[in-house]
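Heads up: the sequence shown begins at 4 in the working numbering, then just goes up one per residue.
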Amino acid sequence: MRHVLILEDRESVAFPESHAQGLIPFCQGNRLLRVERRFDLWRNIFQSGARSNGWNQMHRLNASEKRGNGLGSMEVVTPVARFIVEAFALTGPTLGMPIGSFTAFFDGGPASAAELCATIFDTTVRREAAWQIAIRESYARNLVSSRPFANANYFEQRQKELDNDFTHPLETYPRALAEIGNTEGCIRRCNFPVTALPSTEEVEDLIARHRNRPRLGGSSDAHKTECQARQIVKTVQPLPSWSDLLREGLTGSERQQRYEDRRRT
Numbered sequence: 004m005r006h007v008l009i010l011e012d013r014e015s016v017a018f019p020e021s022h023a024q025g026l027i028p029f030c031q032g033n034r035l036l037r038v039e040r041r042f043d044l045w046r047n048i049f050q051s052g053a054r055s056n057g058w059n060q061m062h063r064l065n066a067s068e069k070r071g072n073g074l075g076s077m078e079v080v081t082p083v084a085r086f087i088v089e090a091f092a093l094t095g096p097t098l099g100m101p102i103g104s105f106t107a108f109f110d111g112g113p114a115s116a117a118e119l120c121a122t123i124f125d126t127t128v129r130r131e132a133a134w135q136i137a138i139r140e141s142y143a144r145n146l147v148s149s150r151p152f153a154n155a156n157y158f159e160q161r162q163k164e165l166d167n168d169f170t171h172p173l174e175t176y177p178r179a180l181a182e183i184g185n186t187e188g189c190i191r192r193c194n195f196p197v198t199a200l201p202s203t204e205e206v207e208d209l210i211a212r213h214r215n216r217p218r219l220g221g222s223s224d225a226h227k228t229e230c231q232a233r234q235i236v237k238t239v240q241p242l243p244s245w246s247d248l249l250r251e252g253l254t255g256s257e258r259q260q261r262y263e264d265r266r267r268t
């Protein structure tokens, strides 16, 4: 067996973005082995903003229904960042996945849904990378203080993210985002175009507009205002509504029954 395809069309438990670490010994021992994790963005990664916790998932479903069966575009940033940065770290010296052995594929679904994913990546995921670069540059220029992860390695950063829920937890996020499509990287394929990283002008504009604030990004008023202004995303056919996609993750479990019971009370 030389080729393994793992279809990730539902969210897994226990830090699913890290599961590929368990494949490293097998890939190191068999350099001809090729493994691909194909992630369904709509049924997996976009939903993983709420960890595998029935209460959180039901809360998101209730919130989606209240806002007209839509996905808040900012909800996708943290889970997308986690998966991108984790895949980026696999081939680094700390983990040691052999180059070319592993690929993460981000599947945006049918053509219309994939086109919507391209828009989300451009307007939200890429914009968050601009904020991250602006934050990093502001620290380097001593324009802001309280750098959240000054001496943390990747794994410490990830834990701090989980503990503190920072919007911009991982300093390698912009670099990892730029690696999508790199033939020597682990995030080599999407079925939709991913736009280039933010321009220098866009980053400098963010720095200039907010340089007098004590903190830039994360919990700053400026960043919160921009995030709140971002759109609610409605799914497109042939996908079900966002609420129905969330409900699929509850179907056939006790959590679905708990959700229905709660609606009746």
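Backbone N, C-alpha and C fix where the C-beta goes; we use that ideal spot for every residue, glycine too. Quick caveat, the model's predicted, so the values are computed rather than measured.
Per DSSP, what kind of secondary structure is Ala84 in: helix, strand or coil? Against the sequence shown, residue 84 aligns to sequence position 81. Looking at Ala84 - three-state DSSP - the assignment turns out to be helix.
State buried or exposed for Leu8, treating a residue as buried only when at least 16 other CB atoms are found within 10 Å of its CB.
-> Here residue 8 refers to the residue found at position 5 of the sequence shown. Classification for Leu8: exposed.
Check your understanding: At what residues does the beta strand (DSSP E) containing Phe108 begin and finish?
Key -> Taking the first residue of the sequence shown as 1, we reach residue 108 at position 105. Here the beta strand (DSSP E) through Phe108 covers Phe105 to Asp110.
Check your understanding: According to DSSP, is Arg37 helix, strand or coil?
Key -> Here residue 37 corresponds to residue number 34 of the sequence shown, with the count starting at 1. Looking at Arg37 - three-state DSSP - the assignment turns out to be strand.
Q) Quick one: what does DSSP say Gly99 is sitting in, helix, strand or coil? A) Within the sequence shown, residue 99 is the residue found at index 96, counting from 1. Note: Gly99 maps to coil in three-state DSSP.
*asked:* Between Glu11 and Phe42, how many whole angstroms is the CB-CB distance? I'm expecting something under 8 Å.
replied: Counting from 1 along the sequence shown, the entry for residue 11 is found at position 8. Counting from 1 along the sequence shown, the entry for residue 42 is found at position 39. Rounded, the Cβ-Cβ distance is 5 Å, consistent with contact.
Beta carbon of Phe91 nearer than 8 Å to that of Ile190: Numbered from 1 along the sequence shown, position 88 holds the residue referred to as residue 91. Numbered from 1 along the sequence shown, position 187 holds the residue referred to as residue 190. It is a contact, given that the beta carbons lie within the stated cut-off.
Assign Ser104 to one of two classes, buried (16 or more other C-beta atoms within 10 Å of its C-beta) or exposed (fewer than that).
Working through the sequence shown from its first residue, we reach residue 104 at position 101. It is buried - the Cβ of Ser104 has at least 16 other Cβ atoms within 10 Å.
| message | Is it buried or exposed, Phe29, if we count other Cβ atoms within 10 angstroms and call 16 or more buried? | response | What you label residue 29 is simply residue 26 of the sequence shown in a count that begins at 1. Phe29 should be labelled exposed.
query = Which whole-angstrom value describes the C-beta separation of Arg129 and Pro201, a residue pair presumed to lie in contact below a C-beta threshold of 8 Å?
reply = For the purposes of this step, residue 129 is identified with residue 126 of the sequence shown, where counting begins at 1. For the purposes of this step, residue 201 is identified with residue 198 of the sequence shown, where counting begins at 1. Confirmed, Cβ separation roughly 6 Å.
Three-state secondary structure (DSSP) at Gly75?
Within the sequence shown, the letter at position 72 stands for residue 75. Reduced to three states, the DSSP call for Gly75 is strand.
### Task
May I ask you to check if the CB of Asp43 is nearer than 7 Å to at least one heavy atom of the ligand SAM?
Within the structure as shown, the ligand SAM is missing, as the structure has no ligands at all.
Which same chain residues end up closer than 8 Å to Pro101 when comparing Cβ atoms and leaving out the 5 residues on each side of it in sequence?
Counting from one through the sequence shown, the residue named residue 101 turns up at place 98. Here the set comprises Cys30, Gln31, Arg34 and Thr94.
By Cβ distance below 7 Å, which residues in the same chain neighbour Asp319 in space, the five residues on each side in sequence not counted?
Lying before the first or after the last residue shown, residue 319 is absent from the chain, which here runs from 4 to 268.
**Request:** Measure the Cβ-Cβ separation of Ile87 and Ala179 and say whether it is below 8 Å.
**Result:** The count along the sequence shown starts at 1 and reaches residue 87 at position 84. The count along the sequence shown starts at 1 and reaches residue 179 at position 176. Yes.
Using DSSP with H/G/I as helix, E/B as strand and the rest coil, what is Val206? Within the sequence shown, numbered from 1, the residue matching residue 206 stands at position 203. The answer is helix: DSSP assigns Val206 an H, G or I state.
Open item on the list: Among Arg37, Ala107, Glu204 and Arg192, whose alpha-carbon lies nearest the alpha-carbon of Pro19?
Closed with: Stepping through the sequence shown from its first residue, residue 19 is reached at position 16. The shortest Cα separation from Pro19 among Arg37, Ala107, Glu204 and Arg192 belongs to Ala107.
Please report the straight-line C-alpha distance between Ala66 and Thr238, rounded to a whole angstrom.
Mapped onto the sequence shown, residue 66 falls at position 63. Mapped onto the sequence shown, residue 238 falls at position 235. Cα-Cα distance, rounded: 16 Å.
Open item on the list: Measuring only the C-alpha atoms, how far is Ala17 from Trp45?
Closed with: For the purposes of this step, residue 17 is taken as residue 14 along the sequence shown, with counting starting at 1. For the purposes of this step, residue 45 is taken as residue 42 along the sequence shown, with counting starting at 1. Computed Cα separation, rounded: 19 Å.
Which residues does DSSP list as the beta-bridge partners of Cys193? Numbered from its first residue, the sequence shown carries residue 193 at position 190. For Cys193, which the question treats as bridged, DSSP gives the partners Phe109.
Q | Reduced DSSP secondary structure (H/G/I, E/B, other) of Phe18 | A | Within the sequence shown, residue 18 is the residue found at index 15, counting from 1. Phe18: coil per DSSP, three-state reduction.
- Message: Can you tell me where the alpha helix (DSSP H) holding Leu8 begins and where it ends?
- Response: By one-based count along the sequence shown, residue 8 stands at place 5. That residue, Leu8, is in no alpha helix (DSSP H); its beta strand (DSSP E) goes His6 to Glu11.
Exercise. What are the boundary residues of the alpha helix (DSSP H) that Thr198 is part of?
Worked result: Residue 198 sits at position 195 when you count from the first residue of the sequence shown. Unbroken run through Thr198: none, as it is neither H nor E.
* **Check whether Ala121 and Phe195 have beta carbons under 8 Å apart** => Position 118 of the sequence shown, counted from the start, is the residue given in the question as residue 121. Position 192 of the sequence shown, counted from the start, is the residue given in the question as residue 195. Contact: yes.
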